[in-house]
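Take a look at the structure below.
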Amino acid sequence: MDVIKPAPGFEDILPLEYQELVADGPYGRSLGVKDLGTFKELIEDHPLCAGCNLTLSFRLLLASLPKPEDTLIVTTAGCFGVIHPQIALHASIAPFGTQNAFASGLTRAMRIRFPEKQKDVITIGGDGSFADIGMAPTTHSWFRGEKFASFMLDNECYANTGGQASGMTPEGVVLNMAPKGKSFDKIPFVEIAKLAGCAYVATASPTKPRQVESMVRRAILVAREVGPTFVRLACVCATNYKLTPIEAHRKSKELVSQTDEYMTEAAREYLESLEGAA
Ligand SMILES: Cc1ncc(C[n+]2csc(CCOP(=O)(O)OP(=O)(O)O)c2C)c(N)n1
Ligand code: SF4
Numbered sequence: 006m007d008v009i010k011p012a013p014g015f016e017d018i019l020p021l022e023y024q025e026l027v028a029d030g031p032y033g034r035s036l037g038v039k040d041l042g043t044f045k046e047l048i049e050d051h052p053l054c055a056g057c058n059l060t061l062s063f064r065l066l067l068a069s070l071p072k073p074e075d076t077l078i079v080t081t082a083g084c085f086g087v088i089h090p091q092i093a094l095h096a097s098i099a100p101f102g103t104q105n106a107f108a109s110g111l112t113r114a115m116r117i118r119f120p121e122k123q124k125d126v127i128t129i130g131g132d133g134s135f136a137d138i139g140m141a142p143t144t145h146s147w148f149r150g151e152k153f154a155s156f157m158l159d160n161e162c163y164a165n166t167g168g169q170a171s172g173m174t175p176e177g178v179v180l181n182m183a184p185k186g187k188s189f190d191k192i193p194f195v196e197i198a199k200l201a202g203c204a205y206v207a208t209a210s211p212t213k214p215r216q217v218e219s220m221v222r223r224a225i226l227v228a229r230e231v232g233p234t235f236v237r238l239a240c241v242c243a244t245n246y247k248l249t250p251i252e253a254h255r256k257s258k259e260l261v262s263q264t265d266e267y268m269t270e271a272a273r274e275y276l277e278s279l280e281g282a283a
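As structure tokens, then:
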């Protein structure tokens, strides 16, 4: 596949990472979560906390993309925003909370520029960027029926700025900058996504990698044809909740005790037509 093709004579002076991506990256190959460890991943090194569940969720998300070579990521400020320059994909950073407004324009532009080719625009951000400051741009993209998938890395706080309570922090949780405990319950954002018109809505935990893969793929496939989609990845922040990585991992598992997946009738029919044909 001709996705990355260095100019003749320049192959050996490219950075080693780049050479490895050309030779062994996931572009144009049907790889998935079960293949992790056997190919050059789209991100390998990162500066985030050791044992971070958000980073694990993101690694699984990248390994689950149905067509990485035609995927464009729009992200925003937050822990995830720190690693976006290290992803071997097109990745743009929008002002905090505006990722879904940015992606609305980008999706339309891609359809005009590449009418014959499916380009998968996806948004990735923290819970604050979707459910607090970004709630209006996010829900309005869904009201308008913009066809792209949104992925919330729900670490249940504002982690990147030192531990403020977010709308998605559960009631009573004490954080560095919420010393008296969060005063109201977690916003029912998954329910809001359904009411706002998402054709597919799911919650997954990085402790169940194959479930993450299935939900990420379904969200992207449904967004191509049916309508907007939303996946919440439950990945509690070890550092701000003052948990060891193992405790944080366990907590993320408890948060998603059973599969939580909703789809409209049109989305179900579409997925059955694809998955039945596979
Ligand atoms: C308009 C605007 N307001 C505030 C900020 C400061 N800011 C940067 S990251 C962040 C919190 C991010 O929280 P969340 O979206 O939950 O992501 P996390 O860091 O937890 O992954 C804030 C408030 C900003 N960059 N821009
Ligand atoms: S602060 Fe929390 S969410 Fe952010 S990188 Fe560290 S463990 Fe991960």
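All residue numbers for the sequence shown refer to our numbering, where the first residue is 6 and numbers rise by one.
Just so you know, even glycine gets a beta-carbon here, dropped at the ideal spot from N, CA and C.
Computed from a predicted structure; not experimentally measured.
Only counting the same chain, and skipping five residues up and downstream in sequence, which positions put a Cβ closer than 6 Å to that of residue i?
i, result
"Leu26", "Lys45 and Ala93"
"Ala253", "Asn58, Val241 and Ala243"
"Trp147", "Ala201, Gly202, Cys203 and Pro233"
"Ala209", "Gln216, Val217, Met220 and Leu238"
"Thr269", "Ala204"
"Leu260", "Ala239"
"Ala224", "Ala154, Tyr205, Thr234 and Val236"
"Ala106", "Pro142"
Mapping the DSSP letters down to three states, classify residue i as helix, strand or coil.
i, result
"Leu284", "Within the shown structure, residues of the chain are numbered from 6 to 283, placing residue 284 beyond reach of any answer."
"Ala99", "coil"
"Ser155", "strand"
"Thr144", "helix"
"Lys63", "One detail in the question is off: residue 63 reads as Phe in this sequence, not Lys. Phe63 falls in the helix class under three-state DSSP."
"Glu161", "coil"
"Val126", "strand"
"Gly83", "coil"
"Ala4", "The requested residue 4 does not occur in the structure, where the chain is confined to residues 6 to 283."
"Tyr32", "coil"
"Gly56", "coil"
"Ala108", "helix"
"Val236", "strand"
"Tyr23", "helix"
"Asp265", "strand"
"Gly281", "helix"
"Thr133", "Contrary to the premise, residue 133 reads as Gly rather than Thr in this sequence. The answer is helix: DSSP assigns Gly133 an H, G or I state."
"His51", "coil"
"Glu46", "coil"
"Glu252", "helix"
"Leu260", "helix"
"Leu120", "One detail in the question is off: residue 120 reads as Pro in this sequence, not Leu. Three-state result, Pro120: coil."
"Arg113", "helix"
"Ala93", "coil"
"Ile9", "coil"
"Val38", "helix"
"Ala243", "coil"
Please go through the same chain and pick out, in chain order, the residues whose beta-carbon is closer than 7 Å to the beta-carbon of residue i, but skip the five residues on each side of it.
i, result
"Lys199", "Val206 and Tyr267"
"Phe189", "Glu176"
"Gly102", "Thr81, Ser134, Ile138, Gly139 and Pro142"
"Lys256", "Val241 and Leu248"
"Gln2", "What is shown of the chain runs 6 to 283, which leaves residue 2 out entirely."
"Ile98", "Thr80, Thr81, Gly86 and His89"
"Gly186", "Gly177, Val178 and Val179"
"Pro250", "Ala55, Gly56 and Ala243"
"Arg34", "none"
Within a Cβ cutoff of 8 Å, which residues of the same chain sit near residue i, ignoring the five residues on either side of it in sequence?
i, result
"Leu66", "Ile129, Phe156, Val217, Val221 and Leu238"
"Gly37", "Ala68, Ser69 and Glu218"
What whole-angstrom Cβ distance do residue i and residue j have, given they're in contact under 8 Å?
i, j, result
"Ala68", "Leu111", "That belief does not hold up - the Cβ atoms of Ala68 and Leu111 are roughly 23 Å apart, past 8 Å."
"Ser62", "Pro211", "4 Å"
"Phe85", "Gly131", "6 Å"
"Thr144", "Ile197", "7 Å"
"His95", "Leu70", "Contact flag wrong, Cβ pair sits at about 12 Å."
"Ala136", "Ser171", "7 Å"
"Ile18", "Tyr32", "That pair is no contact at about 21 Å."
"Lys72", "Gln24", "Between Gln24 and Lys72 the Cβ distance is about 23 Å, and since that is not below 8 Å, they are no contact."
"Gly83", "Asn165", "5 Å"
**Request:** Would you mind listing the beta strand (DSSP E) stretches within the segment 164-233 that are 3+ residues and don't spill past its ends, in chain order?
**Result:** 205-209
**Message:** Residues around ligand 2, please: the condition is that the C-beta lies closer than 5 Å to some non-hydrogen atom of it.
**Reply:** Leu53, Cys54, Cys57, Leu59, Cys84, Asn160, Ala164, Cys242, Ala243 and Thr244
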